[in-house]
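S.K.: Residues 6 to 128 in the numbering used here are what the sequence shown spells out, letter by letter.
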Amino acid sequence: MNQVAILWVEPITEVLQDEAEATGDGEVLVLDGKYASLSLQTLGTFTATVKFEGSMDGENYHELKGINLNTGAGLSETTSTGVYSVPVVGIKRFRARISAYTSGEVTVLASAQAIPVPVVPGP
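1) What first and last residue would you give for the beta strand (DSSP E) that runs through T47?
2) Is V33 near the ligand ADP, in the sense that its beta carbon is under 7 Å from a heavy atom of that ligand?
3) Compare the Cα-Cα distances from F51 to each of E24, G79, E64, A117 and report the closest residue.
4) Is the CB-CB distance between Q22 and I103 below 8 Å?
5) Excluding the 5 residues preceding and the 5 following T129 in the sequence, name in chain order all residues of the same chain whose CB lies nearer than 6 Å to its CB.
6) For G77, collect the residues of the same chain with a Cβ closer than 6 Å to its Cβ; drop the 5 residues on either side in sequence, then sort them by chain order.
7) Under 8 Å between the Cβ atoms of A101 and F57?
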């Protein structure tokens, strides 16, 4: 009888923007394609635009569409505080880039979750 093992990847949490007061890339979250979903929270009082961006090669970033968990709206950027979910299957690197800034302090928290994968050994 074959036994099923579960491949588990530890969730990771990172501060991507820490009371930022200017445009900039912020910290890069290294996912290495091991995670399925990313939860983000934007905090602070600010007038700024935060773009959700991912890279499969670790160098070239493109906007990723997420979901505002309060409204259910799809988006690839935000100008307000809130909680968001972004699918990141196959993504190596993720960042929350401040593309426009007028005033205030922007904080972005991120938590990546993997989906446990059942592994069935061979005969």
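Glycine is no exception: its CB is placed at the ideal position from the N, C-alpha and C atoms.
M.R.: Checking against the coordinates, here is how it stands:
1) The count along the sequence shown starts at 1 and reaches residue 47 at position 42. Secondary structure note for T47: its beta strand (DSSP E) is the uninterrupted segment 42-48.
2) This structure simply doesn't include the ligand ADP, nor any ligand for that matter.
3) Here residue 51 is taken as the residue at index 46 of the sequence shown, counted from 1. Of the listed residues, the one whose Cα sits closest to F51 is E24.
4) Position 17 of the sequence shown, counted from the start, is the residue given in the question as residue 22. Position 98 of the sequence shown, counted from the start, is the residue given in the question as residue 103. Yes; because the gap between Cβ atoms is below 8 Å, this pair is in contact.
5) Here the chain comprises residues numbered 6 to 128, so residue 129 is not present and cannot be evaluated.
6) Translated into the one-based positions of the sequence shown, residue 77 becomes position 72. The answer is none, since no qualifying residue turns up.
7) Start at 1 with the first residue of the sequence shown, and residue 101 comes out as number 96. Start at 1 with the first residue of the sequence shown, and residue 57 comes out as number 52. The Cβ-Cβ distance between A101 and F57 falls below 8 Å.
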